[in-house]
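Undergrad:
Number of protein chains: 2
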Amino acid sequence: MGSKNSTTAKRADALRSIDAIVQAAAECLGKNPEASLSEIARAAGVGRVTLYAHFDSRAEVVDAAMSRAIDRGNEALDAVDLTGDPLLALTRYVEAVWHLVDQTRALLAAAQRELSAGRIRDLHAGPAARVETLVARGRAEGAFRTDLSIAWMVNVLHTIMHSAAEEIRAGRLTPNHAAGHITATVLAAFTPPGKPVPETSGRA
Amino acid sequence: MGSKNSTTAKRADALRSIDAIVQAAAECLGKNPEASLSEIARAAGVGRVTLYAHFDSRAEVVDAAMSRAIDRGNEALDAVDLTGDPLLALTRYVEAVWHLVDQTRALLAAAQRELSAGRIRDLHAGPAARVETLVARGRAEGAFRTDLSIAWMVNVLHTIMHSAAEEIRAGRLTPNHAAGHITATVLAAFTPPGKPVPETSGRA
DNA sequence: ACTAAGTCGTACAGTGGTGTTCACGTTATA
DNA sequence: TATAACGTGAACACCACTGTACGACTTAGT
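So the protein lines, in turn, are chains A and B.
When we follow the UniProt record's numbering, the leftmost residue of the first sequence carries the number 1, and every step to the right adds one.
When we follow the UniProt record's numbering, the leftmost residue of the second sequence carries the number 1, and every step to the right adds one.
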């Protein structure tokens with residue numbers, strides 16, 4: 001699989017080209033999931049043939065761009081403290097991640113068209129695991145409801161963030177209010193039945 | 001705009017062809033948003049040229065299919081009682097609509113590619129209005145929170161239904177549990193801060 | 001039964017993307 | 001400085017879809 005792998009080491013300018021292509025792919029596909037390889041090559045300041053010299057197919061380019069985006073996301077997530085009060089931890093998570101979801105939104109759309117569902121799932125395994133453990137801990141501590149599956153709750157969280165990004169793009173939500181709306185909604189959705197929903201306006 | 005309109009009335013077999021095409025378009029685009037006009041014509045049991053005799057462009061076909069789906073949805077919604085306790089009304093709404101959202105999911109994707117955003121918004125105006133008035137009433141009666149905009153809450157409801165449909169397609173949710181999960185999640189998300197989340201297991 | 005409307009298959013032109021080949025210029029690396 | 005790797009534009013074959021044109025056949029409406 002992977003790009004063109006030979007036994008000899010790649011030259012420095014080749015690595016530079018590859019990097020430019022992947023970066024350009026992330027940008028172009030981020031704006032338009034149907035962006036052609038010609039567009040991407042042009043945006044990377046590289047000939048179209050050069051692109052084909054490093055990637056066998058369009059799918060490989062998309063895969064590389066998506067992997068890169070996920071890696072970036074993982075780095076950003078490493079800086080977030082997910083310990084302590086689950087409600088506050090979730091708030092911090094949303095604050096750090098929601099606009100990151102926004103940026104990779106269109107890129108994900110491209111990936112879903114070009115890559116297999118299994119591959120996409122694998123790519124998301126890292127970020128997904130973090131949220132799952134956070135949700136599981138919140139449930140164990142009684143802060144989150146247990147009458148819904150963890151998978152569903154994780155899905156709800158990501159779906160709400162995703163939709164907030166679209167609402168902003170449609171002009172029905174301002175970026176300033178996004179994080180607040182998301183946390184207010186998700187924390188309420190996660191509250192165990194019978195318990196009062198938290199007041200999110202007065203959070204840390 | 002519309003399809004080919006002439007001063008003379010259409011013949012019966014022409015109307016039959018048009019209907020078959022629109023129906024086939026809804027089915028094909030429902031499975032695959034990128035379905036070609038050839039596929040649609042074949043599925044309709046009609047020659048490709050005949051399709052072009054009735055529709056000037058691909059966009060017109062998509063528009064017709066989408067309009068049809070929306071009309072069907074509106075009919076189904078007419079049968080739903082949205083009066084009385086807002087919580088129960090919302091539950092009834094979800095029960096009636098969620099799998100309808102499922103069916104039109106891929107069709108919507110096709111429409112978003114081919115039609116203008118304004119056109120799509122117009123098509124959804126009918127269904128959207130129902131939910132908005134329901135949410136507004138729930139807020140006025142103190143059943144739903146008022147610290148988030150109505151537009152956001154309507155968006156949350158539809159987003160959750162949409163995502164439930166995808167979870168089913170991915171095999172992570174069974175159709176039996178879908179409505180329950182959706183209502184449990186949305187009713188909690190709509191609960192005013194400070195008030196307890198309703199127990200949805202013991203509903204009507 | 002006559003006519004206009006409709007349908008059909010085939011064929012054609014145009015478009016836009018994909019992936020490959022070639023010959024030639026450039027650059028990294030040892 | 002030699003040389004292999006790399007970058008390049010131009011060209012080519014291929015494919016799928018769109019939209020149009022034509023001639024022949026079938027059907028609906030009066």
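Here a beta-carbon is modelled for each residue, glycine too, at the ideal position from N, C-alpha and C.
Bear in mind the structure is a predicted one, so any value in this text is a computation, not a measurement.
1) Name the chain B residues that come within less than 7 Å of Asn155/A, Cβ to Cβ?
2) If contacts are defined as beta-carbon pairs under 8 Å, then Ile21/A and Val61/A qualify, I think. What distance do you get, rounded to the angstrom?
3) When the Cα of Leu29/A is compared with those of Leu37/A, Leu107/A, Asp102/A, which residue comes out closest?
4) Give me the DSSP bridge partner(s) of Pro193/B.
5) Between the Cα of Ile18/B and those of Gln112/B, Ala65/B, Ala109/B, Glu39/B, spot the shortest distance and give me the residue it belongs to.
6) Applying a beta-carbon distance threshold of less than 7 Å, which residues of chain A neighbour Thr174/B?
7) For residue 208/A versus Pro86/A, is the C-beta distance shorter than 8 Å?
8) Any idea if Gly2/A is buried or exposed, counting beta-carbon neighbours within 10 angstroms, 16 or more meaning buried?
9) Tell me whether Leu15/B sits in a helix, a strand or coil according to DSSP, three-state version.
10) If you draw a straight line from the alpha carbon of Asp71/A to that of Leu100/A, how long is it in whole angstroms?
11) Between the stretch 127 to 135 of chain A and the stretch 115 to 123 of chain B, are three or more C-beta pairs nearer than 8 Å?
12) Can you tell me where the alpha helix (DSSP H) holding Leu51/A begins and where it ends?
13) Is Leu148/A near His181/B, with beta carbons less than 8 Å apart?
14) Gly142/A lies in the alpha helix (DSSP H); which residues open and close that run?
15) Taking Cβ positions, are Arg48/A and Glu114/A nearer each other than 8 Å?
16) Along the alpha helix (DSSP H) that carries Pro86/A, what are the first and last residues, could you check?
17) On the three-state DSSP scale, how would you describe Ala41/B?
18) So which residues on chain B does Lys195/A lean against when the C-beta distance must stay under 8 Å?
19) So, under 8 Å CB-CB, Ala189/A and Thr185/B are touching, yes? Tell me the CB distance rounded to an integer number of Å.
20) According to the neighbour-count rule (16 or more other Cβ atoms, all chains shown, within 10 Å of its Cβ), is Glu199/A buried or exposed?
21) In terms of residue numbering, what span does the alpha helix (DSSP H) encompassing Leu123/B cover?
22) Can you tell me whether Asp102/B is buried or exposed? The criterion is at least 16 other CB atoms within 10 Å of its CB, across all chains shown.
23) Quick check on Ala151/A - is its C-beta less than 8 Å from some C-beta in chain B?
24) Would Val197/A pass as a contact of Thr91/B if the rule is Cβ separation under 8 Å?
25) For Arg68/A and Ala26/B, what's the separation of their Cα atoms in angstroms?
26) Could you spell out where the alpha helix (DSSP H) holding Gly73/B opens and where it closes?
27) Since Pro175/A and Arg145/A should fall inside the 8 Å C-beta cutoff, what is the C-beta to C-beta distance between them, to a whole number of angstroms?
28) Within 8 Å of any Cβ in chain B, is that where the Cβ of Asp85/A sits?
29) Would Thr133/B count as contacting chain A if we go by Cβ distances under 8 Å?
30) Just to check my reading of the structure: Leu173/A and Trp98/B have Cβ atoms closer than 8 Å, yes? What is that Cβ distance to the nearest angstrom?
31) Measure the CB-CB distance between residue 205/B and Val94/B and report whether it falls below 8 Å.
32) Roughly how many angstroms lie between the CA atoms of Ala178/A and Asp78/A, to the nearest whole one?
33) Among Ala76/B, Glu39/B, Pro127/B, Val154/B, which residue has its Cα nearest to the Cα of Ser163/A?
34) Quick one: what's got a C-beta closer than 6 Å to Pro33/A's C-beta in the same chain, skipping five residues either side?
TA: The short version:
1) Contact of Asn155/A with chain B by beta-carbon distance below 7 Å involves Ser163, Glu167.
2) 7 Å
3) Leu107/A
4) Pro193/B pairs with nothing; no bridge assigned.
5) Ala65/B
6) Chain A residues near Thr174/B: none, gap ~11 Å exceeds 7 Å.
7) Residue coverage of chain A in this structure runs from 1 to 204, which leaves residue 208/A outside it and unanswerable.
8) The predicted model places Gly2/A with a pLDDT of 42, which falls under 50 and marks its position as unreliable; any figure quoted below should be read in that light. So Gly2/A counts as exposed.
9) helix
10) 12 Å
11) no
12) 48 to 54
13) Yes, the Cβ-Cβ distance between Leu148/A and His181/B is below 8 Å.
14) Gly142/A -> no alpha helix (DSSP H), and no H or E assigned at all.
15) no
16) 86 to 114
17) helix
18) Pro196, Val197
19) About 5 Å; that satisfies the 8 Å criterion.
20) exposed
21) 117 to 123
22) Buried, since its Cβ has 16 or more Cβ neighbours within 10 Å.
23) yes
24) no
25) 37 Å
26) Per DSSP, Gly73/B is one residue of the alpha helix (DSSP H) stretching across 58 to 78.
27) Incorrect: roughly 29 Å between the Cβ atoms, too far for contact.
28) no
29) no
30) Contact flag wrong, Cβ pair sits at about 24 Å.
31) Look at the range of chain B in this structure, 1 to 204, and you will see that residue 205/B is not part of it.
32) Going by the C-alpha atoms only, they are around 22 Å apart.
33) Looking at the Cα atoms, Val154/B is the closest of the given residues.
34) These residues qualify, in order along the chain: Ala106, Ala109, Ala110.
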